[in-house]
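Here the structure comes first, spelled out in structure tokens, and everything after it is commentary.
Number of protein chains: 2
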Amino acid sequence: MNMITKNEILNAFKFRHACKVFDKTKVIAKNDMEFILETARLSPSSFGFEPWYFVVVQNKELREKLKKGAWGATIKLDTASHFVLGLTMRDFFIKYDSPYIQYFMSQIQHLPEEAALNRRKIFKTFQKKDFDLNTERTLFDWASKQCYIAMANMMTAAAMIGIDSCPIEGFNKKTSEEVLQKYLDIDIKKYGLSYMLAFGYRLNPPKDKTRRQLNEIVGWKE
Amino acid sequence: MNMITKNEILNAFKFRHACKVFDKTKVIAKNDMEFILETARLSPSSFGFEPWYFVVVQNKELREKLKKGAWGATIKLDTASHFVLGLTMRDFFIKYDSPYIQYFMSQIQHLPEEAALNRRKIFKTFQKKDFDLNTERTLFDWASKQCYIAMANMMTAAAMIGIDSCPIEGFNKKTSEEVLQKYLDIDIKKYGLSYMLAFGYRLNPPKDKTRRQLNEIVGWKE
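Those protein sequences? They're chains A and B, same order as listed.
Numbered according to this note's numbering, the first sequence spans residues 843 to 1064.
Numbered according to this note's numbering, the second sequence spans residues 843 to 1064.
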């Protein structure tokens, strides 16, 4: 551990930008793409429940279909080496009393029965009271937040090995989810589309990064 | 660029875990903490609008106050070297027609007037139609998702230099926000609390990481 320097890390953060056009002639090596997805897999999530699913869309016809309503994705669908859909579990999976949560605590987290029961109680209070996740929409948005953790890690990890990315919210959610249902065999009653995420190699140099200064976004209480 | 190996990166992802108890005797160096916050600053966000604010709470009395209703934070408030509140801008700032968005496009993103007008139009459609962000709650949750990107990057960057962290949703949102208003001078009509995030050095070895396998979370359309 501890062999990566702060400068190397910051260089990756400066290298990363929302890449508008990718070089179509450059393809990400399969093991690099698997490495990127592995950083999503190892990402943390609330209660550890991993409310995510990623679909890597390489098929050209499906990429064409995905253009419908996705005004921010069209050029990336045409030029990205790899194109990821970030799906988020809906209440079917992630409501406190769902079979998935039960399965997950027992089969993935290997919690003993009593510990699982306790955890479910805490999770119920968390959803119903602490975070007020009492509608399909608020529950989805909460799970979606976890998926943005995985998104961030994929982009950062990619940048560290010289791969560009573009996070995309430029789509009409309803239209895009209809496309997923109709052409990609995704049950949109169970999953919603949180984001699209394109990977590849830049064609052009990026514009300068614009950010507020650190003292504008951080306050200290000492 | 490209001097960090995949193995080094994956080691950091394996090193990172939700640290339950920190070693109270170990303090994060000021420049390491600033480095961590800098990775938040350089994080991407939807439309680049950075809807975040981070408060680093080092004052012991304020940490005591923060314990109220924050069942998942008490031990971390006692033992973490640095304790961050992840605040998210509410509609006051991030609704498409807010003065902040206007200011941001002109003063931070340096958009010419016409480009800013066009962008505002797109942003309006995005909020009102594409993503259906038509209530205070949905707008907040959308902005909050962006703040989870910054959270992920802070945790990953910290792990890469051997610093532990713990992301915390274990609090009653209403109670905690009342504490922020009352004792931390935070205007909760303008900011909401998305998460708490503790940093420090682990006291104990972590439990084994539990995750589904890659083929359970990724599908390919080729």
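Where a beta carbon is used, it is the ideal one built from N, C-alpha and C, also for glycine.
No experiment lies behind these values; they were computed from the predicted model shown.
{"Query": "Output the distance between the C-alpha atoms of Met1002(B) and Asp874(B), rounded to the nearest integer angstrom.", "Result": "11 angstroms"}
{"Query": "If I'm right that Phe965(A) touches Phe889(A) with Cβ under 8 angstroms, what's the distance once you round it to whole angstroms?", "Result": "6 angstroms"}
{"Query": "Using a Cβ cut-off of 9 angstroms, which residues of the stretch 983-994 of chain B contact any Cβ in chain A, in chain order?", "Result": "Asp983, Trp984, Ser986, Lys987, Gln988, Cys989, Tyr990, Ile991, Ala992, Met993 and Ala994"}
{"Query": "Find the residues of chain B that neighbour Tyr895(A), judging by a C-beta separation of less than 8 angstroms, and give them in chain order.", "Result": "Ile1059, Val1060 and Gly1061"}
{"Query": "Anything in the stretch 924-940 of chain B with a Cβ closer than 8 angstroms to a Cβ of chain A? List those residues in chain order, please.", "Result": "none"}
{"Query": "Could you tell me which residues DSSP puts in a beta bridge with Ile1010(A)?", "Result": "Met1038(A)"}
{"Query": "Return the residues of the stretch 998-1021 of chain B that lie within a Cβ-Cβ distance of less than 7 angstroms from chain A, sorted by chain order.", "Result": "Thr998, Ala999, Met1002, Ile1003, Gly1004, Pro1009, Glu1011, Phe1013, Asn1014 and Lys1015"}
{"Query": "Note down, in chain order, every chain A residue with its Cβ under 9 angstroms from the Cβ of Phe877(B).", "Result": "Lys848, Ile851 and Leu852"}
{"Query": "Give every residue of the same chain whose Cβ lies closer than 7 angstroms to the Cβ of Tyr975(B), excluding the five residues on either side of it in the sequence, and list them in chain order.", "Result": "The sequence shown places Leu at residue 975(B), rather than the Tyr named in the question. Correct list, in chain order: Gln969, Leu981 and Trp984."}
{"Query": "Name the residue from Gly1012(B), Val1060(B) and Lys1032(B) whose alpha carbon lies nearest to the alpha carbon of Phe934(B).", "Result": "Lys1032(B)"}
{"Query": "If we define contact as Cβ-Cβ less than 7 angstroms, is Met845(B) a contact residue for chain A?", "Result": "yes"}
{"Query": "What span of residues does the alpha helix (DSSP H) with Thr881(B) cover, start to end?", "Result": "Lys872 to Arg883"}
{"Query": "List, in chain order, every chain A residue whose beta-carbon is nearer than 7 angstroms to that of Asn901(B).", "Result": "Lys1063 and Glu1064"}
{"Query": "In chain A, which residues lie with their C-beta within 9 angstroms of the C-beta of Lys856(B)?", "Result": "Leu884"}
{"Query": "What are the residues in the stretch 947-958 of chain A lying within 8 angstroms of chain B by C-beta distance?", "Result": "Ile950, Gln951 and His952"}
{"Query": "Would you identify the three-state DSSP class for Arg979(A), choosing helix, strand or coil?", "Result": "helix"}
{"Query": "For Glu1011(B), is the classification buried or exposed, using 16 other Cβ atoms within 10 angstroms of its Cβ as the cut-off for buried?", "Result": "buried"}
{"Query": "Out of Lys910(A), Lys918(A), Gly1004(A) and Asp1029(A), state which residue places its alpha-carbon closest to the alpha-carbon of Lys848(B).", "Result": "Gly1004(A)"}
{"Query": "For Leu908(B) and Gln900(B), what's the separation of their Cα atoms in angstroms?", "Result": "11 angstroms"}
{"Query": "For Phe857(B), report the span of its alpha helix (DSSP H) as first-last.", "Result": "Lys848 to Phe857"}
{"Query": "Would Gln1055(B) be called buried (16 or more neighbouring beta carbons within 10 Å of its own) or exposed?", "Result": "exposed"}
{"Query": "Could you compute how far the alpha carbon of Thr902(B) sits from the alpha carbon of Leu1026(A)?", "Result": "Note that residue 902(B) corresponds to Lys in the displayed sequence, not to Thr. Lys902(B) and Leu1026(A): Cα-Cα distance of roughly 53 angstroms."}
{"Query": "What number of angstroms, rounded off, separates the C-alpha of Ile991(B) from the C-alpha of Asn960(A)?", "Result": "30 angstroms"}
{"Query": "How about Trp894(B) and Cys989(B): do their beta carbons lie closer than 7 angstroms?", "Result": "yes"}
{"Query": "Which residues in chain B sit within 8 angstroms of Val869(A), going by Cβ to Cβ distance?", "Result": "Within 8 angstroms Cβ-Cβ: nothing; Val869(A) doesn't reach chain B, min ~13 angstroms."}
{"Query": "What's the gap between the Cα of Arg979(A) and the Cα of Met931(A)?", "Result": "11 angstroms"}
{"Query": "Whole angstroms are fine: how far does the CA of Ser986(A) sit from the CA of Lys987(B)?", "Result": "7 angstroms"}
{"Query": "Using DSSP with H/G/I as helix, E/B as strand and the rest coil, what is Thr930(B)?", "Result": "strand"}
{"Query": "Just to confirm my understanding: we take Leu953(B), look at its own chain, exclude 5 residues before and 5 after, and list those with CB closer than 6 angstroms. What are they?", "Result": "Met947"}
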